[in-house]
Amino acid sequence: MRESPARTKLRAMRQFRGRIGEDQVVELAETFRLMSDPTRLRIILSCLDSAVAVGDIADRLGISGSLVSHHLRLLRAARLLQAERRGRQVFYAVGDEHVRSMLTDMTDHVSEEVETEVEGEPAAPDLPG
Numbered sequence: 225m226r227e228s229p230a231r232t233k234l235r236a237m238r239q240f241r242g243r244i245g246e247d248q249v250v251e252l253a254e255t256f257r258l259m260s261d262p263t264r265l266r267i268i269l270s271c272l273d274s275a276v277a278v279g280d281i282a283d284r285l286g287i288s289g290s291l292v293s294h295h296l297r298l299l300r301a302a303r304l305l306q307a308e309r310r311g312r313q314v315f316y317a318v319g320d321e322h323v324r325s326m327l328t329d330m331t332d333h334v335s336e337e338v339e340t341e342v343e344g345e346p347a348a349p350d351l352p353g
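Residue 225 is where the sequence shown starts when you use the working numbering, and the numbers rise one by one after that.
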């Protein structure tokens, strides 16, 4: 007998939960909370391809250096960015390949053109406005 899609999904969720502990779930949720702030996400994305100095991040995003520094402290504490001192300046970069890969994949995901039909049905209902 074939398993229902709902039961298959439930079984997959149970298997996944077995691989990650409660502390890791909390840490993961905190990581996503930090990345949900548009300014912090812009900072991370600006550091995705190469190390960038605080002043350059501030200039790119049009915000103050002190605000950038505040966000950078949070992002470093969450291990989303790494810092490297070069003389008087500190440069920040995404140093973890997992973070880089996830952000690259998600950027590709939101940049893809949405298919308008799947099996003859609209992909999403038309929304007003």
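Cβ atoms here follow ideal geometry from the backbone N, Cα and C, with glycine treated the same way. Because the structure is a prediction, the values reported are computed rather than measured.
Does the distance from the C-beta atom of R266 to that of L285 stay below 8 Å?
Walking along the sequence shown from the start, residue 266 turns up at place 42. Walking along the sequence shown from the start, residue 285 turns up at place 61. Yes. Within cutoff.
Starting from the C-beta of A302, find all residues in its chain whose C-beta is less than 6 Å away, skip the five residues before and the five after it, and write them out in chain order.
Taking the sequence shown and counting its residues from 1, one reaches residue 302 at position 78. Closer than 6 Å at the Cβ level, and outside the excluded window around A302, lie T255, L258.
Which residues in the same chain have their Cβ closer than 8 Å to the Cβ of I287, if we skip the five residues on either side of it in sequence?
The sequence position of residue 287 within the sequence shown is 63, counting from 1. Correct list, in chain order: T263.
Quick one: complete alpha helix (DSSP H) runs, 4+ long, within the segment 246-312?
246-259, 262-270, 278-285, 289-301
Do you know how far the Cα of I268 is from the Cα of D261?
Stepping through the sequence shown from its first residue, residue 261 is reached at position 37. Stepping through the sequence shown from its first residue, residue 268 is reached at position 44. Distance between the alpha carbons of D261 and I268: 11 Å.
Per DSSP, A230 is paired with what?
For the purposes of this step, residue 230 is taken as the residue at position 6 of the sequence shown. According to DSSP, A230 bridges with nothing at all.
Could you give the DSSP three-state label for V334: helix, strand or coil?
Stepping through the sequence shown from its first residue, residue 334 is reached at position 110. DSSP places V334 in helix when its eight states are reduced to three.
What is the DSSP secondary structure of V318, reduced to helix, strand or coil?
Counted from its first residue, the sequence shown places residue 318 at position 94. DSSP places V318 in coil when its eight states are reduced to three.
Buried versus exposed, by CB contacts within 10 Å (16 or more), L252
Counting from 1 along the sequence shown, the entry for residue 252 is found at position 28. Counting Cβ neighbours within 10 Å, L252 comes out exposed, since fewer than 16 surround it.
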